[in-house]
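Q: First to last, the protein sequences are chains A and B. Quick note, the first sequence lines up with residues 1 to 383 if you use our numbering. Quick note, the second sequence lines up with residues 384 to 1016 if you use our numbering. There's a structure below that I have some questions on.
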Amino acid sequence: MSGASDFQRRMPEASRDLRRPVSVLQRWHIDWPLLLGLVLITVYGLIVLYSASGQDLYYVKRQSVFFVIAYGAMFTVAQVRLHVFEYWAPWFYLAGIILLAMVLVMGVGAKGAQRWLSIGGFRFQPSEGLKLAVPIMIAAYLAKRLLPPRFSHIVISLALIGVPALLIMRQPDLGTSLLIAASGLLVLFFAGLRWRYIAGAVGILLASAWPIWMFVLHGYQRQRILTMFNPEADKLGAGWNIIQSKTAIGSGGIYGKGWLNGTQSHLNFLPESHTDFIIAVLAEEFGLLGVLALLSMYVLLIGRGLWIALTAQNTFSRLLAGSITFTFFIYIFVNIGMVSGLLPVVGVPLPLVSSGGTSIVTLMVGFGILMAIGTERRRVSIG
Amino acid sequence: MPEPQHLKDHYQEARIFSHRMVVAILAIVLLLGVLLARLYNLQVVNFKNYVTQSDRNRVQVQALPPTRGLIFDRQGQLLANNRPSYTLTLIKEQINDLDMTLALLAELVELRPDELEGFHKRVGQRRRPFEEVPLSYRLTEDEIARIAVNEYRLPGVKVSAELVRDYPLNNMLAHSVGYVGRINDREVAKFDEEKYRRYSGTHTLGKIGLEKYYEDVLLGEVGYQYVETNARGRVLRVLERIEPQPGADLALFLDANVQKEAIEALGERRGAVVAIDVATGGVLAMASTPSYNPNLFVTGISYKDYNALNRSLDLPLFNRTIQGQYPPGSTLKPMLGLGALHHRAVDTRYRVRDPGYYQLEGEERFYRDWKKEGHGSRVDLRQAITESCDTYFYDMAYRLGIDSMHSFGSNFSLGERTGIDIPSERKGLWPSRQWKRSARGLAWYPGDSLNVGIGQGDVLTTPLQLATMMATLANRGKFIQPRLVQTIEGKKTEALVQQMYSVSDEHWDYIFSAMENVVHGVRGTAQSIRRGLKYKMAGKTGTAQVVGIAQGEEYDSEALRERQRDHALFVAFAPVEAPKIAIAVIVENGEKSSKAAKVARRVIDRYLAVEQQLQLRADQQASEKQRLGKQPS
């Protein structure tokens, strides 16, 4: 004892590190910077949603219920050990593919697209689950291989990515399909996919742009892209959404028109104001400063996510954390980009702010995985 | 053969991952930068543009039509009113499928083919965007209810209450008050920016009569409201409102009672009556028959109705009082006689032998008197006027000469527009040497003067000119420009007054008494109306040939078709000692001037009776006032 206390006296820092009591947060695998960012965005998002839904508390209540479920899911997932994910990855993946196939056969939907499965009165979108299943699958697959991946592994990974992506594209849901493909490809990228392959792929993509345009894209998808480049051409038709959302954002200025004072959204000029175009409501009512506030919350989440990825203990965790974080950023970029008229309108919600249950749960499960990864290290060191 | 196993190099993998992470972070920073630049561009650089666009989105300016000024007669009876009417209007910009909407509407309300036709025409015209285009007028309560129930199926369809012009007296005043009608393409094309603004809420404007002449004061000033609308064009609230200024009310000199008497007196005949208040020049009655219902034109007349009016041989759309140009015939004689006295071409003692014709020295041609056997051997001016002796006036005209006749007659508004306050007045023709040279390229012959001397030949006058001539006579040479409007929004209008060079009172009295003789004398040409006359009337009959009669041909009215019979004319003023009313009557193809004289008498009787009544009422009120004023003391 005396020796130990001697040691302690001389090296207090070392002793504290060893004996640091495990905090409640750590015990429950909660990463507090992530949680802080999430709570801030949740509250901010609900405030904006109240205005965007025309001051309808119904939407806010519904969204709150989803958040309760989503936070529950996140905390639950955070408790799961990572090798469990790795082990179960193929089964998640397979289940997802089967569900997607079922959607094509017996799915329900709206606006000419079949995206939902209705089983026992419970409606859900299987494509949401694949947003996580695909990166987990690819990460699990590549983590067992030598990195950087060899050509044959790349081909298999691409096949694994391609099957769900194509199935979702058939629904048709181009936006989700591309985002899921991106989440898988990001794993490949973080795994060290050689630059020459990347360059080659980009070359092939550019070369095949014309045939894709002609034979793959649906009429409405082409229309969306065309409208993006020249929204003024069809003011009351396809260009209406973009013109109105740009007007909403622009007229917000630096300081905004004030909460509940956005004329574009409250007078119904803005389409989909509580779902995909909700950032326009925020920008109109809270101005550039309001958007910057939201972006800094996002940056907090992304920064923390990247930190977790960098400090993760093994390849699987790293690849998964990197992919989840970067995909999250892609959601943000694509949504704001499309609403502000930089990108075609592809139907990507603004993460954690747009109204919609499945997407929030998926995202929060993703953050649960990030928390699991982030707190994994300590479990190892303490254990 | 198993592949050689390679050991995973964890350190190497972490290093690769870290490199890729750096690339990813750079990408994130770069893309965030792109987003921020975009937002900066939208919210800071183009802020003003988007604010404008956002306001333009939600704020719309709506024009508020002013209430058109009312028109009253001199006793305050409404002649032109504004009545609320429910109109079915469509906003084309808010309708996806116009044909479908029209088909649906056809099930709910009765749509006449001409309404649809008119609608399609108006939709094609130059319009402001989002302007309501009227489809059907005067909806019934049932129709309004049916549309209200189906409102959700009919975006862009509205029932709007609109004030529509209404003429309660229908046919009675169509020509003088006129009517408003829908603004048409040609009129819009002529609008300047200011007019375009003033009519932004108004669909109609005055087309003829007072409605046209006083369009500017009747219209009023358009108002505006700035309204906030949602994306579907529904008005949510009014942001700002500038009230429209109603147009000015007009009160006329015209008396609806007198007007009614004139129309009833003309009855089924084609003809015209103009009665003028001698003291003011105000038009008391102005009737042209047959007439039409001006209400038909307000919301757009159907082609069928219009064609019926336009093609009628009786010319109901034609305002005979100011557009009808008739040979005045003998009605000019008193004025010409006065001129001859004034210019000393004749005097009151001068007498002419009348064998029933007149011949110029050295000419073969007979200038016939209307009375074949003549008026006797010693016809003086009084007898010539009383019996309307043509021979005397041939002789007198010859003596007076065209130049004197022309200049003297010009004082009585002959050959010139009187300048009355309704548009489309014609000026008639009062011939002169100069006119004949420039119009016909011929010299003036003495024979021409003879024809002018009995109001024939080339002479043309409108009934208004004749009535004005009578008023000028009654005023002893003071010409007062005739006008219909007495006050504009309570403010009195002013008349143009011209005093002709002075003719001695002696001459006036002589002519007046000769004219009195026309009515009251035993041999007067209008003696048929003297029975029961309670006042003295000075008048003069006239007949105007419709078809020229060749030399030597017998005049046989029976052989002529009805429309080729002579026009009957009568001019008069009364009472002689203090003239109040001057009148001119023409009964087309009336043949006998007494027909016109009867009409004149009825109108004058009526006017004087009304005057008496008004005077009585005024006296009563005055005495009442006096009595009330005295009581307290």
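Every residue gets a Cβ at the ideal spot worked out from N, C-alpha and C, and that includes glycine.
For P351 of chain A, which residues in chain B fall below 7 Å Cβ to Cβ?
A: Under the 7 Å cutoff, chain B gives no residues; its nearest Cβ is about 14 Å from P351 of chain A.
Q: Please report the Cβ distance between F367 of chain A and P351 of chain A, rounded to the nearest whole angstrom; I am assuming they are in contact, meaning their Cβ atoms lie under 8 Å.
A: About 10 Å separates the two Cβ atoms, so there is no contact after all.
Q: Tell me the residue span of the beta strand (DSSP E) that contains A544 of chain B.
A: V540 to D549
Q: Check the Cβ-Cβ distances between V341 of chain B and every residue of chain A, and say whether any is below 8 Å.
A: Given a span of 384 to 1016 for chain B in the structure shown, any question on residue 341 of chain B remains unanswerable.
Q: What does I805 of chain B touch in chain A if you count any residue whose Cβ is under 7 Å from its own?
A: By Cβ distance, chain A contributes nothing, its closest Cβ being about 48 Å from I805 of chain B, past 7 Å.
Q: Distance check for I30 of chain A and L306 of chain A, CA to CA, integer angstroms please.
A: Roughly 16 Å between the two C-alpha positions.
Q: Considering Cα atoms alone, identify which of B:D575, B:E604, B:R765 and B:A631 is closest to G584 of chain B.
A: Nearest to G584 of chain B by alpha-carbon distance, out of B:D575, B:E604, B:R765 and B:A631, is B:E604.
Q: Strictly under 8 Å for the Cβ-Cβ distance: is K578 of chain B near chain A by that measure?
A: no
Q: Note down the Cα distance separating F269 of chain A from T612 of chain B, rounded to an integer number of angstroms.
A: 10 Å
Q: For chain B, find out if any of its Cβ atoms is closer than 8 Å to the Cβ of T263 of chain A; answer yes or no.
A: yes
Q: Keeping to the same chain, check which residues put their C-beta closer than 6 Å to that of Q934 of chain B; ignore five residues upstream and five downstream.
A: Here Q934 of chain B scores only 47 on pLDDT, less than 50, and its place in the model should not be relied on; the value that follows carries that caveat. So the list is empty, once near-sequence residues are dropped.
Q: Strictly by DSSP, which residues pair up with S468 of chain B?
A: B:E545
Q: Candidates B:E889, B:L833 and B:Q848: which alpha carbon is nearest R859 of chain B's?
A: B:E889
Q: Counting C-beta neighbours from all protein chains within 10 Å, is the total for V173 of chain A 16 or more, i.e. buried, or is it exposed?
A: A small fix is needed here, since residue 173 of chain A is Asp in this sequence, not Val. D173 of chain A should be labelled buried.
Q: Run through DSSP, which three-state label would S890 of chain B get?
A: Here residue 890 of chain B turns out to be His, not Ser, going by the sequence shown. Note: H890 of chain B maps to helix in three-state DSSP.
Q: For P349 of chain A, which residues of its own chain have a beta-carbon under 7 Å away from its beta-carbon, when the five flanking residues on both sides are left out?
A: If we look at P349 of chain A and ignore the five residues flanking it on each side, its Cβ neighbours are T275, D276, N335, G356 and S359.
Q: Roughly how many angstroms lie between the CA atoms of R304 of chain A and S157 of chain A, to the nearest whole one?
A: 27 Å
Q: Along the stretch 339 to 366 of chain A, what residues have a CB closer than 7 Å to any CB found in chain B?
A: S340 and L342
Q: So, at 7 Å on beta carbons, what are the nonlocal neighbours of I302 of chain A in its own chain, with the 5 sequence-adjacent residues on each side left out?
A: T325, F328 and F329
Q: Quick check on Y45 of chain A - is its C-beta less than 8 Å from some C-beta in chain B?
A: One detail in the question is off: residue 45 of chain A reads as Gly in this sequence, not Tyr. It does not: the Cβ of G45 of chain A has no partner Cβ on chain B nearer than 8 Å.
Q: Could you confirm whether any beta carbon from chain B is found closer than 8 Å to the beta carbon of F277 of chain A?
A: no
Q: Take the Cβ of R984 of chain B as the centre, count every other Cβ of all protein chains shown within 10 Å, and call the residue buried at 16 or more, exposed below.
A: buried
Q: Are the beta-carbon atoms of G549 of chain B and N465 of chain B separated by less than 8 Å?
A: Here the sequence assigns Asp to residue 549 of chain B, which means Gly is not the residue at that position. In contact: D549 of chain B and N465 of chain B (Cβ atoms closer than 8 Å).
Q: For M74 of chain A, which three-state DSSP category applies?
A: helix
Q: Establish whether the CB of N613 of chain B and some CB of chain A are separated by less than 8 Å.
A: Judged by the 8 Å Cβ criterion, N613 of chain B is in contact with chain A.
Q: By DSSP, does G606 of chain B sit in helix, in strand, or in coil?
A: strand
Q: List, in order along the chain, the chain B residues whose C-beta lies closer than 7 Å to that of R318 of chain A?
A: F400
Q: Examine chain E for any beta-carbon lying closer than 8 Å to the beta-carbon of E545 of chain B, and answer yes or no.
A: Among the protein chains of the structure shown, namely A and B, there is no chain E.
Q: At 3 residues or longer, and completely inside the stretch 38 to 122 of chain A: list those beta strand (DSSP E) runs for me, N to C.
A: 117 to 119
Q: How many angstroms separate the CA atom of N699 of chain B from the CA atom of R653 of chain B?
A: What sits at residue 699 of chain B in the sequence shown is Pro, not Asn. Going from the Cα of P699 of chain B to the Cα of R653 of chain B covers about 9 Å.
Q: Below 8 Å on the Cβ atoms is my contact criterion, and I expect Y433 of chain B with L422 of chain B to pass it. Report the Cβ-Cβ distance as a whole number of Å.
A: Contact between Y433 of chain B and L422 of chain B does not hold, since their C-beta atoms are separated by about 12 Å, which reaches or exceeds 8 Å.
Q: At what residues does the alpha helix (DSSP H) containing I161 of chain A begin and finish?
A: First-last of the alpha helix (DSSP H) with I161 of chain A: F151 to M169.
Q: Counting only the same chain and skipping the five closest in sequence on each side, list residues whose C-beta sits under 8 Å from that of T769 of chain B.
A: Its chain contains A897, N900, V901, G904, R906, G907 and T908 as the residues whose beta carbon lies nearer than 8 Å to that of T769 of chain B, once the 5 sequence neighbours on both sides are disregarded; these appear in chain order.
Q: Nearest-angstrom Cα distance between K810 of chain B and Q1003 of chain B?
A: Taking C-alpha positions only, K810 of chain B is separated from Q1003 of chain B by approximately 44 Å.
Q: Which of the three DSSP states, helix, strand or coil, is assigned to G592 of chain B?
A: G592 of chain B: helix per DSSP, three-state reduction.
Q: Go ahead and label E756 of chain B buried or exposed: buried means 16 or more other beta carbons lie within 10 angstroms of its beta carbon, across all protein chains shown.
A: exposed
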